[in-house]
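Numbering (this note's numbering), first residue to last: 37 to 1067.
Some notes on the structure that comes next.
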């Protein structure tokens, strides 16, 4: 082990200095001098890295991190340096523990935008990260540590999430018409978005003066906030009334502490809910554990409260409208007076039962849509219809009249009525009619119902007053008297006992603008609507006044719109804050387009990424940023279409900057919906990840090149950690052996090795380290052939800087055909040697016999040369090609002639039909006959004067009908001792006959040896097995 220099780790970064100064002997890692080289290499790597990285080493996963990671450590630094990971980050151990286990097993893990709750001195806080976990190995391949790369994405994720939250909340609230549902929706949205244990809402009620607020709405997995009281100190209530939140993080910081507000919760947010500038309630967000509330979270909660206030105002207005409509329906359905509607053409569209009775008509006539007002009015009154309609259309005022209905039976129903235009703009109007014939009858009922009408009058949400204008002798308005008012009117203006009093009695400066406006209205006879100036309390009213009879009277209807105006202002302020956030996010390109894709907003972040100024970008299609290929394919339009259908579409592709530089954007396209649900445009959010994309593409290209190289060679490639423990095998190995990827790892790959060779294969690994190489020839299962084939396995080590082996890279090459050829070569060499020895023996025998029977040297030379020629012909026959056909008789005669048996012609009998041999059988059969003849010449019948040789052959049919050649070789008169000696020894000739012929020609053989006789029989098929063609 090499000892690092005393100034290691090198570098001037803060963490490099801390690593040098740290007393590592007090940690599980021990002194730096004893650290293994892979650990020091990993430390050098992270200390020089610009991104946040941390090394976790050993069984305790001891931490060593760089400067960028120190920002994530927060208050855990510097104690976290050298601390076991589980002790430093207990809050995320449940997430990390299974990951570390997988990495220790040699696997990699990565996560995008992973949410984690991190602890610190101030409590828990949520954060988002891109995480990558990789194994760190010792030189022997064992995983000894974990390398973690961390990129914090909290800002981006929160920004996208907050915007999605705001839009979703606004859509949800816009669809609600019930104020209670609005409050519950806001409470649930806050709890989910902020990841709180619970959230609730406490309206400002009777408990305000006593410093307490009772929670009426709550939400959580098991909510306990409902019904609890938030007890506030004096200073807290003033803070909330001023529209400022109270932030409690449970650590004593973050704002004024509550005095025992919620005993079950350590941290909470109290957000004021304001209506018309006045505190109306408090939204509470609570956490059982201490927690740091970020400024973004506080701002989001405030915006949710603002949107809740707007939603409440809208819902209450809808509720008021619903109540007004219900009141009208009650009036119409009560049938106290006749009520009817007509359109701009004079067609009656609706009447209640009272007016239907007065007309004497059937409901079907009304529903037919053909009955007009002129049809039901007495002829003497029809002339006034046009005048009434003209006044209605010109002034919009309520017009009264007295007329009679003409019943179908000719009778009349006199009535007094009034008509007014409906605010549809199409000339539709509503009419009421009081049956004069029933006036006296109805007076009593009218008095009974007056109280009900008064209750109805006093129940409406709008302030209502009937006033009489007072003028001087010149006709100018000097004052006005309140003849009647409902309670809501007094409540809105903050007055009491107004009925019967003059305006000036309420104060010399009481609404002077109203007085002059009412004077002009009385003079013109036209209704007036206006928005008042703020009163002394800052309240603003929508005022509608219309002239009444007798002249000088007018009705006054007021609505308090202060809350609505403030909500609208708050909404505009919220949108302005959002624009400020967008324009400040220079790391992101955030911009919007219209429905057709024309850019209509271009913040500074978009200009920073793409280079186009707002003047250059706004008004142009978003395809301006596309590559030529994407522009031709209409990629931006496809993304807008997908966002329009699904709400969101991914934008993960290359774009082009103003200067032509390519930039890779990781982002999305979101449809922006109008209040009616239609798409009014699109929001594009994207981050420039060009550098990361280029790095990933380069890595992929390198991996593809390496894979093509490894998978392209015919050898079976593998990697080993040593001692035969494989860590990877190429696809060629898996295809050859049929093993899966998992079966090729560890020592399981040995199952593909022939059982008889496994011990040899493992033994070769035992001394591989010392020799610096691994070599072994063995048999390996070949799945395609379902048998074992011979392979030649070689491996070389990969070493680190210190020369230590860290890994083995090896190949296994199929040498089965090569070994087969080598075996065949050995057989051929043995055969050549045998045939050479036999040939020499034959030559010697021929020479000896020729010499014995030659009277002179000339006779010897002549006979000997002839016999050598015959012998040469036999040898040529043994190597003859497929050029010509051969019969069994020619083979026998040629062999016997070559051996010089003419001298013993009287002792040799060769007899049989001319049978054509298969060409493929000639050489083997000739070799067998040669061996038989040679043995006969050397040891058998031709070796002694009294010996006799008989060779006969015939064709016979086997049981299956196959034609076979049967050859019988019979020798008599042998030397008994020599025959016994050679008969018991299985030489090359006998092996050839008894084994080679059955194997190669499908022959059957028999061998018998008596005291002075030897007999061989050979039976072989004349045709090739499975083929009737000759040869």
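We treat Cβ as the ideally placed atom computed from N, Cα and C, and that holds for glycine.
Paired residues, beta bridge with residue i - DSSP
i            : result
residue 101  : 90
residue 1055 : 1002 and 1040
residue 974  : Its beta-bridge partners do not exist; DSSP assigns none.
residue 582  : 591
residue 634  : 657
residue 516  : 505
residue 171  : 182
residue 833  : 844
residue 383  : 408
residue 71   : None; residue 71 has no bridge partner.
residue 323  : 303
residue 470  : 452
Own chain, CB closer than 7 angstroms to residue i, minus 5 neighbours either side, in chain order
i            : result
residue 324  : 233, 300, 301 and 302
residue 988  : 947, 948 and 1004
residue 710  : 716
residue 252  : 237, 238 and 239
residue 1009 : 977, 980, 982, 983, 984 and 1048
Sub-8 angstroms separation of residue i and residue j beta-carbons
i            : j            : result
residue 230  : residue 321  : yes
residue 751  : residue 847  : yes
residue 120  : residue 97   : yes
residue 409  : residue 390  : no
residue 139  : residue 169  : yes
residue 68   : residue 40   : yes
residue 441  : residue 422  : no
residue 528  : residue 499  : yes
residue 222  : residue 340  : yes
residue 51   : residue 182  : no
residue 924  : residue 953  : yes
residue 625  : residue 647  : no
residue 56   : residue 45   : yes
residue 994  : residue 1002 : no
residue 1033 : residue 964  : yes
Nonlocal neighbours in the same chain, by C-beta distance under 6 angstroms from residue i, ignoring five residues either side
i            : result
residue 244  : Caution is warranted here: a pLDDT of 48 is assigned to residue 244, below 50, making its placement in the model unreliable, and the coordinate value is therefore given only provisionally. Cβ neighbours of residue 244 beyond the five flanking positions: none.
residue 291  : Residue placement at residue 291 is poorly supported in this model, since its pLDDT is 44, which falls under 50; the coordinates are not used for a value here.
residue 957  : 1037
residue 346  : 603 and 607
residue 146  : 168
residue 1053 : 1004 and 1042
residue 1066 : Here the model assigns residue 1066 a pLDDT of 34, short of 50, so the residue's position is not dependable, and the following value carries that caveat. Nothing meets the Cβ criterion.
residue 47   : 83
Anticipated Cβ contact below 8 angstroms, residue i with residue j, distance rounded
i           : j           : result
residue 554 : residue 536 : Contact flag wrong, Cβ pair sits at about 18 angstroms.
residue 316 : residue 239 : 7 angstroms
residue 502 : residue 520 : 4 angstroms
residue 90  : residue 188 : No, residue 90 and residue 188 are not in contact; Cβ-Cβ is about 13 angstroms, not under 8 angstroms.
residue 701 : residue 666 : With a Cβ gap of about 11 angstroms, residue 701 and residue 666 do not count as contacting.
residue 405 : residue 427 : Incorrect: roughly 26 angstroms between the Cβ atoms, too far for contact.
residue 134 : residue 54  : About 30 angstroms; that fails the 8 angstroms criterion.
residue 399 : residue 392 : 7 angstroms
Neighbour-count burial assignment, residue i, 16 or more Cβ in a 10 Å radius
i            : result
residue 570  : exposed
residue 126  : exposed
residue 727  : exposed
residue 272  : buried
residue 691  : buried
residue 118  : buried
residue 1062 : Residue confidence for residue 1062 is low, a pLDDT of 43 falling below 50, so the modelled location carries little weight; the figure read from the coordinates is stated next. So residue 1062 ends up on the exposed side.
residue 682  : exposed
Neighbourhood of residue i by C-beta, 8 angstroms cutoff - its chain only, sequence neighbours within 5 removed
i           : result
residue 789 : 797, 814, 815, 816 and 817
residue 445 : 396
residue 844 : 755, 756, 757, 758, 804, 810, 831, 832, 833 and 834
residue 851 : 813, 826, 827 and 828
residue 635 : 627, 628, 629, 653, 654, 655, 656, 657, 658 and 660
Min CB distance residue i to chain C below 8 angstroms
i           : result
residue 798 : In summary, chain C is missing from the structure at hand, where a single protein chain is found.
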